[in-house]
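From first to last, the protein sequence lines stand for chains A and B. The numbering of the first sequence is my numbering, which starts it at 1 and goes up by one. The numbering of the second sequence is my numbering, which starts it at 1 and goes up by one. Backbone N, C-alpha and C fix where the C-beta goes; we use that ideal spot for every residue, glycine too.
Protein chains: 2
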Amino acid sequence: MTRIQATPVQLREAREARSVYRAGLVTPTSGVAHGLVQANLIAVPADWAYDVLLYAQRNPQACPVLEVLDAGATESLLAPGSDLRFDIPQYRVWRDGVLVGEPTDASAAWQEHPDLVSFLIGCSFTFEAGLVDAGIEIRHQTLGRNVPMYRTNRACAPAGRLSGELVVSMRPIPGDRVAEAVQISGRYPAVHGAPVHIGDPAGLGIEDIQAPEFGDAPEIRAGDVPVFWACGVTPQAAIMASKPPFALTHAPGYMFVTDVPDANYLV
Amino acid sequence: MTRIQATPVQLREAREARSVYRAGLVTPTSGVAHGLVQANLIAVPADWAYDVLLYAQRNPQACPVLEVLDAGATESLLAPGSDLRFDIPQYRVWRDGVLVGEPTDASAAWQEHPDLVSFLIGCSFTFEAGLVDAGIEIRHQTLGRNVPMYRTNRACAPAGRLSGELVVSMRPIPGDRVAEAVQISGRYPAVHGAPVHIGDPAGLGIEDIQAPEFGDAPEIRAGDVPVFWACGVTPQAAIMASKPPFALTHAPGYMFVTDVPDANYLV
């Protein structure tokens, strides 16, 4: 998959980002290492790995799997030298479907579950780079905020012991750029692809666009249309709904920054 | 995934094909139900399902998963009313990596392993329809033969207990149509996508292009270039190399015909 290599400048930025996150910096990663893939994390004990992989296979737009690490492994092929225990700015620890902690260092999870299987899942920040390059404003980046994410009323296809609703991210886009936003994101089918819904949030069962379940409230300006994409936080909704005994994820918006250029996922 | 529906004529053809295969007709399926997806089958006891799904995830060009059935299930969502025990023209039964039978009815496999998990994997016949529509001759169809398939010297990424080499299918294409063949097949990234190799078979470690491991020998004419695509028979090579106690597959070229139009996999 990785045919197109990162530039030295990109690589330096990605490695420095992972390094400062490892040292403890907590910040959303949207816009970091422009042009390199960022990934969602979900890690579960080996006993649950098939359910997660099958859930991803049955819901590929929300859960495009970029890499599955072997049980217990912590170095991603997408970022040689990385360590998933430390290199994400903030994590979430889930027990029986309940969020019980948001550590900045997740090494305790691997101590507790040496057979933890980590899944790296594509992130909409990949096509954001394409939108930015086309001169389409990514409002939450401009404002220095986290992207707003919402649980919807759309059920994902269940798999084994996992079920849950689709989670979406939303970007307000001026009406004259929406078509381009669709076309550009559609060229990344391996990373959420085209939007799942455009316009009225009620169509997804979202009651209050200003109250996202994850991330920060949006700023929607006159002439903007809300555009909704499938989101890699969807597995976290499945965790809440399905209550596996243990799971570790990234904190929404605080992603794993890889060394792999987005262009590898362009079609 | 199935937004674009089959036409009544296509549906009738697909259902009739499955029905005559169920009744015992043994014939390669290339060209059957033009415009509808055909699929490779690999089915393993539940204990091996994670290895197969992970192998597919790590080798997506060769093993694009279209559907994973629940353990023991035999009706595919891609073809309501179908039954995987009977609806493929010919099967292969593998024990400890050795081909031990080629039945036309596979119901004994589910009797022996009630927890059998079936994987349906994309097939190059999908983009063949696109090539035919563009006026590019599919030689093996013209000749009424099976497509030639070869084991290569390219290792797939291993997963759990599974490892093996990439298997490719080959179509001789006139030099002035090769670029189009690349572009057309490239629009189906979920179904093998663009070729993995064009030209000299030695580049894939293929010694004798006239002696394919699977399918029939090709007819290569003056001006033709051999064009190689990743092939859904790749899991069978992994079975041979990795020797799971039991596996059931289709016989190469004798596919599962679905009700789903190819166009659903176009990007």
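Cβ closer than 7 angstroms: which chain B residues qualify as neighbours of residue i?
{"i": "A:Q57", "result": "L53, V65, V68"}
So which residues on chain A does residue i lean against when the C-beta distance must stay under 8 angstroms?
{"i": "B:A49", "result": "Y50"}
When the cut-off is 9 angstroms and only beta carbons count, does residue i lie next to chain A?
{"i": "B:P201", "result": "no"}
If residue i sits next to residue j, beta carbons under 8 angstroms apart, how far is it from one beta carbon to the other, in whole angstroms?
{"i": "B:L120", "j": "B:L166", "result": "20 angstroms between Cβ atoms; not a contact."}
{"i": "A:F214", "j": "A:V227", "result": "Actually they do not touch by this definition, with Cβ atoms about 17 angstroms apart."}
{"i": "B:D51", "j": "B:A159", "result": "6 angstroms"}
{"i": "B:G205", "j": "B:T249", "result": "In fact, because the Cβ distance is near 23 angstroms, the residues do not count as touching under 8 angstroms."}
{"i": "A:C123", "j": "A:A251", "result": "Actually they are not in contact, since the Cβ atoms of A:C123 and A:A251 sit about 13 angstroms apart, beyond 8 angstroms."}
{"i": "A:P195", "j": "A:H113", "result": "So it is not a contact: roughly 36 angstroms between Cβ atoms."}
{"i": "B:V225", "j": "B:V178", "result": "5 angstroms"}
{"i": "B:L41", "j": "B:F256", "result": "6 angstroms"}
{"i": "B:P148", "j": "B:P212", "result": "4 angstroms"}
{"i": "A:D259", "j": "A:P80", "result": "7 angstroms"}
{"i": "B:G186", "j": "B:G193", "result": "6 angstroms"}
{"i": "B:G97", "j": "B:M240", "result": "5 angstroms"}
{"i": "B:L162", "j": "B:A238", "result": "5 angstroms"}
{"i": "B:T74", "j": "B:W110", "result": "7 angstroms"}
{"i": "A:S242", "j": "A:G164", "result": "6 angstroms"}
Confirm, please, whether the CB-CB distance from residue j to residue i is below 9 angstroms.
{"i": "A:W48", "j": "A:P235", "result": "no"}
{"i": "A:V267", "j": "A:T126", "result": "no"}
{"i": "A:A190", "j": "A:L66", "result": "yes"}
{"i": "A:L131", "j": "A:I184", "result": "yes"}
{"i": "A:S103", "j": "A:T29", "result": "According to the sequence displayed, residue 103 of chain A carries Pro and not Ser. In this structure, A:T29 does not lie closer than 9 angstroms to A:P103 by Cβ."}
{"i": "A:R171", "j": "A:E128", "result": "yes"}
{"i": "B:S107", "j": "B:S76", "result": "no"}
{"i": "A:R139", "j": "A:P218", "result": "yes"}
{"i": "B:L54", "j": "A:V68", "result": "yes"}
{"i": "A:C63", "j": "A:A56", "result": "yes"}
{"i": "A:R58", "j": "A:A157", "result": "yes"}
{"i": "A:V32", "j": "A:A43", "result": "no"}
{"i": "B:G24", "j": "B:D105", "result": "yes"}
{"i": "B:G101", "j": "B:P174", "result": "no"}
{"i": "A:Q10", "j": "A:H34", "result": "yes"}
{"i": "A:Y254", "j": "A:Y188", "result": "no"}
{"i": "B:I220", "j": "B:Y150", "result": "no"}
Which residues mark the beginning and the end of the alpha helix (DSSP H) in which residue i is found?
{"i": "B:S242", "result": "234-242"}
{"i": "B:I138", "result": "Here B:I138 belongs to no alpha helix (DSSP H), and DSSP marks it neither H nor E."}
{"i": "A:D133", "result": "125-133"}
{"i": "B:R18", "result": "8-22"}
{"i": "B:R58", "result": "49-58"}
{"i": "A:E207", "result": "Segment: none, A:E207 is in no alpha helix (DSSP H) and carries neither H nor E."}
{"i": "B:A109", "result": "107-112"}
{"i": "A:V178", "result": "178-186"}
Can a CB atom of chain B be found closer than 9 angstroms to the CB of residue i?
{"i": "A:G186", "result": "yes"}
Taking C-beta pairs closer than 9 angstroms, name the residues in chain B that residue i reaches, listed in chain order.
{"i": "A:V267", "result": "G186, R187, P189, G193, V267"}
Give the range of the beta strand (DSSP E) segment to which residue i is assigned.
{"i": "A:S118", "result": "116-122"}
{"i": "B:D153", "result": "Checking the sequence, you will find Asn at residue 153 of chain B rather than Asp. 149-155 is the extent of the beta strand (DSSP E) around B:N153."}
{"i": "B:S169", "result": "165-174"}
{"i": "A:Y91", "result": "91-95"}
{"i": "A:A247", "result": "246-250"}
{"i": "B:Q38", "result": "36-45"}
{"i": "A:E67", "result": "65-68"}
{"i": "B:G101", "result": "98-101"}
{"i": "B:T74", "result": "Segment: none, B:T74 is in no beta strand (DSSP E) and carries neither H nor E."}
{"i": "B:A230", "result": "224-230"}
For residue i, decide whether its Cβ has a neighbour in chain D, counting only Cβ atoms nearer than 9 angstroms.
{"i": "A:T142", "result": "Note that chain D does not occur in the displayed structure, where the protein chains are A and B."}
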